[in-house]
Amino acid sequence: MSLVYSEEQQLLADTAAEFLMAKSPVTAQRKLRDEGAAEGFDAALWREMVDMGWSAIPFPEALGGLEFGCKGLGAVFEQIGRNLSASPLLSSVVLGGAVIELAGSEAQQAAWMAALIGGDKRVALAVDETPRHDPAAVALRATRAGDGYVLTGTKAFVADGLGADAFIVAARTGGQPGEQGGISLFIVAADAAGVQVSPMKTLDSRNHATLVLNEVRVGAAARLGAEGEGFAALDAALDRGRVCLAAELLGATQSLFDTTIEYLKTRVQFDVPIGSFQALQHRAAWCYAHLQLARSTVMAGLAAMDDPTLDAATRARMASLAKWKAGDAAHRISREAVQLHGGMGVTDELDVGLYLKRIRVAQASLGDGDFHVQRYGDLSTAEA
Amino acid sequence: MSTLEDFRRETRAWLEANCPASMRTGMPDGELVWGGRTVEFKTEDQRLWFERMRDKGWFCPDWPAEYGGGGLTPEQNAVLESELRRLRCRPPQINLGIWMLGPVILEFGSEEQKRELLPPMARGEIRWCQGFSEPNAGSDLASLKTSAVDAGDHFVVNGTKIWTSYGDKSDWMYMLVRTNPDVPKQQGISLLVVDMSSPGIEARPIDLISGKSSFCQVFFDNVKVPKRQLIGPLNGGWTLAKALLQHERRAMSKFGEFSLPTHFDLLSIAGTYLPAQAASSPADVALRQRAYAMAMDEMAYSLTAQRMGEEARARRNVSGLMSIMKLVHSEQEKDKFEVLVDVLGHRALGWEGDAFEPQELALTKAWLGSFAQTIAGGSSEVQLNVIAKRVLELPEGNSGKQGK
Ligand SMILES: Cc1cc2nc3c(=O)[nH]c(=O)nc-3n(C[C@H](O)[C@H](O)[C@H](O)COP(=O)(O)OP(=O)(O)OC[C@H]3O[C@@H](n4cnc5c(N)ncnc54)[C@H](O)[C@@H]3O)c2cc1C
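Quick mapping for you: the protein sequence lines, in order, are chains S and L. Start counting the first sequence at 2; every next residue gets the next number (the working numbering). Start counting the second sequence at 520; every next residue gets the next number (the working numbering).
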């Protein structure tokens with residue numbers, strides 16, 4: 002398990018950096034926000050990302066993918082984080098694609114993979130219902146009706162839900178909220194009767210939605226995987242998303258850190274650069290140390306996803322470690338960045354605030370720190 | 520010439536055949552083997568492991584064979600280290616000479632000094648101590664005062680060193696002395712090596728809060744030191760000292776990897792001492808959560824150590840990573856023991872006797888010992904100064920010199 006990017010992965014990162022800096026710098030995100038872009042991303046830019054092959058990176062060749070691994074994806078997400086670039090890469094490709102790859106039948110894969118990879122359709126993963134992420138807490142019910150199911154309930158915080166062609170919905174066909182057993186996965190078309198999607202305007206100006214399913218009927222063919230046994234595939238897909246999101250957090254944090262160090266060197270007070278004050282130097286040095294720790298865990302998380310010799314629990318632990326530590330470093334450093342910029346730090350004019358807001362949302366998405374600490378500990382002690 | 524993969528295979532086979540099973544566990548308290556004139560073994564396995572590694576030249580595997588080393592290339596050495604880690608082999612001995620002084624002699628010593636000083640070091644025959652700090656020169660090491668005055672074929676040394684770990688048990692000391700008081704402080708310092716049995720040296724132990732007295736104050740009263748024991752140029756010792764401190768930081772962060780002196784596994788201790796999840800109070804839940812987070816931070820640290828190795832092998836600049844290792848490890852250890860003491864509750868408050876388990880008493884001592892780690896070898900504050908200035912290149916201020 003290697004913790005550094007290979008030459009090919011580094012090349013991919015460099016290409017992504019160049020592309021995003023030219024096509025999707027932070028000013029572009031600011032513009033999307035100011036215009037109130039409904040889907041929160043630029044469709045033309047998304048098309049270019051697809052054309053560059055990013056949406057094919059993680060999938061096996063048999064499914065039309067490049068088989069380039071999560072490490073390759075991570076290299077791209079780090080650059081996405083640096084530029085705060087919005088796109089449905091995480092929601093539709095990494096998460097949606099993983100569920101269909103891991104749980105879908107051949108027919109379902111044939112129906113969806115090419116369209117997802119080609120960017121012709123996009124799906125959104127609808128898991129969370131409670132204020133904090135917890136995939137086992139699913140309560141939305143799916144009851145058998147004839148040879149299909151009827152789904153009723155509400156999903157919140159569905160990333161890139163507005164404008165999605167379909168939703169992958171985690172629903173309860175058995176058991177109680179809090180249990181992993183009894184969760185089934187369905188693919189539900191956005192235009193099915195009883196589906197209602199409304200915006201949830203979040204502080205990072207990305208596309209989040211509330212999804213209400215009101216007696217939505219789906220056929221048996223809409224179920225991904227065996228009834229009541231959807232949790233494992235769901236969680237494995239979420240883990241891929243978690244490490245990619247951790248890489249995005251890392252990139253955003255690195256960018257914020259670099260900007261802040263630059264500010265410490267140039268801002269003069271009391272006739273000296275503020276970076277010469279020891280009180281600030283020590284805080285900057287600690288930020289650097291946490292950033293390095295976070296980078297190691299993100300690399301390990303990405304590598305774990307790509308390592309077929311690891312068991313599911315080990316992969317899950319490494320994903321939790323990466324998401325937790327990247328979130329932890331991002332949290333510390335974004336708070337310090339605002340403080341060290343003084344009054345400028347709280348203005349909308351500087352990008353610092355945009356990073357702070359995106360980081361806060363990414364931290365809470367797919368499991369916050371408390372969630373992942375508990376998960377890591379439980380998985381570690383269950384093993385022993 | 521065998522390939523690196525062959526070397527890995529041979530090394531693995533050799534270690535599996537030669538490292539006794541009892542040397543493949545975490546290091547219990549008091550089981551360190553210190554090399555030296557009077558090396559002591561508690562078990563036969565300790566002796567076997569010591570002798571086999573010594574005879575293989577693997578106390579210092581990457582030193583040239585002509586000076587008693589193993590003659591391995593950096594790549595082979597990295598393979599050996601990873602194989603040692605894989606088998607969880609204990610270090611066969613602890614020897615400050617090999618970790619810190621040896622590399623400095625290799626870089627700066629004369630040919631004669633290399634031939635004289637390195638081979639016995641490489642066989643673990645001399646136990647070394649470090650005479651840097653003085654009562655008024657700690658972080659501000661360059662202000663040291665112990666003097667060495669030129670007396671023809673030898674120096675005469677007078678003064679005192681403090682916080683000398685194992686000063687009373689060591690055979691030789693490497694020390695910084697002032698050889699010119701009339702120039703800016705960094706420019707009048709030299710590095711000497713001194714036989715601790717020389718007349719005029721006295722080492723007095725100092726008790727620590729953890730009870731152990733590995734610490735000494737060492738007094739020098741007209742001690743004669745032959746001139747050939749000056750390492751590097753006269754008054755040129757500061758450069759050597761800085762190189763040596765780099766090796767010290769690396770060695771101290773390695774302590775973590777080898778899990779010295781006693782490894783306490785947070786997750787399993789939390790599992791043993793905290794009530795089962797179902798029977799947990801909200802306070803137990805919160806404490807368990809803290810223990811888990813701490814274990815994750817430990818994991819993040821060891822992954823960073825691993826990444827540093829990989830980046831170095833990929834020939835990337837790792838000085839930034841290297842600079843955080845000592846800081847992070849020592850601060851994490853301190854935090855970890857705080858959590859452990861909380862987890863053990865009253866069971867962590869023992870000092871001695873049968874009312875407490877040996878493991879509990881060891882943990883308490885380790886907690887008290889952990890306070891020293893963020894001071895020894897350059898305090899955390901000084902590490903932060905170094906990171907800020909050398910890695911982040913923040914401007915020099917008047918609010919704190921770089922220090923040790
Ligand atoms: C376990 C242990 C083993 C040791 N072993 C040895 C040994 O074998 N040989 C040896 O020579 N020495 C040894 N030392 C000494 C050690 O190197 C010094 O204790 C250390 O460098 C700090 O110096 P000091 O104790 O004089 O503290 P001081 O320098 O007096 O520091 C006091 C406080 O001020 C802070 N401070 C000082 N300067 C600055 C600055 N510029 N900016 C910000 N904060 C600052 C420090 O961080 C600390 O918190 C050992 C120490 C310990 C604890």
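Each residue gets a CB set at the ideal place from its N, CA and C atoms; glycine is no exception. Here the structure is a predicted model, which means the values were calculated and not measured.
The residue from S:212, S:208, S:206 with its alpha-carbon nearest to that of residue 198 of chain S is S:212. Taking 7 Å as the cut-off, the Cβ atoms of residue 189 of chain S and residue 170 of chain S count as close.
Residues of the same chain with a CB within less than 8 Å of the CB of residue 760 of chain L, apart from the 5 flanking positions on each side, are 651, 660, 695, 708, 710 in chain order. If you compare the alpha carbons of L:683, L:749, L:717 with that of residue 723 of chain L, the shortest gap goes to L:683. Within chain S, no C-beta atom comes nearer than 9 Å to that of residue 615 of chain L; the closest sits roughly 26 Å away.
Chain L has a Cβ within less than 7 Å of the Cβ of residue 283 of chain S.
For residue 897 of chain L, the nearest beta carbon of chain S is not closer than 7 Å to its own beta carbon. The C-alpha of residue 290 of chain S lies about 50 Å from the C-alpha of residue 222 of chain S. Contiguous alpha helix (DSSP H) elements confined to the segment 20 to 47 of chain S occur at 27 to 36, taking only those with 4 or more residues. Proximity of residue 28 of chain S to chain L, defined by a Cβ-Cβ separation below 7 Å, is not satisfied. Residue burial annotation: residue 326 of chain S is buried, with at least 16 other C-beta atoms found within 10 angstroms of its C-beta. In the three-state reduction of the DSSP assignment, residue 358 of chain S falls in the helix class.
For the segment 252 to 278 of chain S, residues whose beta-carbon sits nearer than 7 Å to a beta-carbon of chain L comprise 262, 265, 266, 273, 274, 276, 277, 278. For residue 667 of chain L, there is no enclosing alpha helix (DSSP H); the residue is part of the beta strand (DSSP E) that begins and ends at 666 to 669. Sequence-ordered contacts of the segment 804 to 822 of chain L with chain S read 807, 808, 810, 811, 812, 814, 815, 816, 818, 819, 820, 822 [C-beta pairs closer than 8 Å]. Contact annotation, residue 294 of chain S with residue 341 of chain S: C-beta distance approximately 20 Å; criterion of less than 8 Å not satisfied. Any Cβ of chain S closer than 7 Å to the Cβ of residue 907 of chain L would place that residue at the interface, and such an atom is present. Distances taken from the Cβ of residue 649 of chain L to the heavy atoms of ligand 1 include one shorter than 6 Å.
Contacts with chain L (Cβ-Cβ distance below 7 Å) from the segment 320 to 332 of chain S involve 322, 325, 326, listed in chain order.
At a cut-off of 7 Å between beta carbons, residue 293 of chain S contacts chain L. The segment 753 to 768 of chain L makes contact with the segment 604 to 620 of chain L: 3 or more CB pairs, one atom from each, lie closer than 8 Å.
Inclusion of residue 93 of chain S and residue 117 of chain S in the CB contact set at 7 Å is warranted, their separation being smaller than that value. It is roughly 10 Å from the alpha-carbon of residue 628 of chain L to the alpha-carbon of residue 748 of chain L. In the assembly as shown, residue 594 of chain L is an exposed residue. Its beta-carbon has fewer than 16 other beta-carbons within 10 Å. For residue 131 of chain S, the Cβ stays outside the 6 Å cut-off from all heavy atoms of ligand 1. For the options S:316, S:361, S:121, the alpha carbon positioned closest to that of residue 205 of chain S is the one of S:361. Under a criterion of Cβ atoms nearer than 9 Å, the residues of chain S adjacent to residue 846 of chain L are, in order, 286, 287, 290. Boundaries of the beta strand (DSSP E) harbouring residue 125 of chain S: 124 to 127, taken from the DSSP string.
Counted as a single uninterrupted DSSP element, the beta strand (DSSP E) harbouring residue 673 of chain L occupies residues 673 to 684.
Membership of residue 865 of chain L in any beta strand (DSSP E) is not indicated, and neither H nor E is assigned to it by DSSP.
Relative to ligand 1, the nearest heavy atom lies less than 6 Å away from the CB of residue 894 of chain L.
Using beta-carbon distances, residue 4 of chain S counts as an interface residue toward chain L, with a partner under 7 Å.
Nearest CB-CB separation between residue 825 of chain L and chain S: below the 7 Å threshold. For residue 608 of chain L, the closest of L:536, L:735, L:542 by C-alpha to C-alpha distance is L:542. Proximity of the beta carbon of residue 554 of chain L to ligand 1 is not indicated: no heavy atom of the ligand is located closer than 6 Å. When secondary structure is reduced to three states using DSSP, residue 886 of chain L falls in the helix class.
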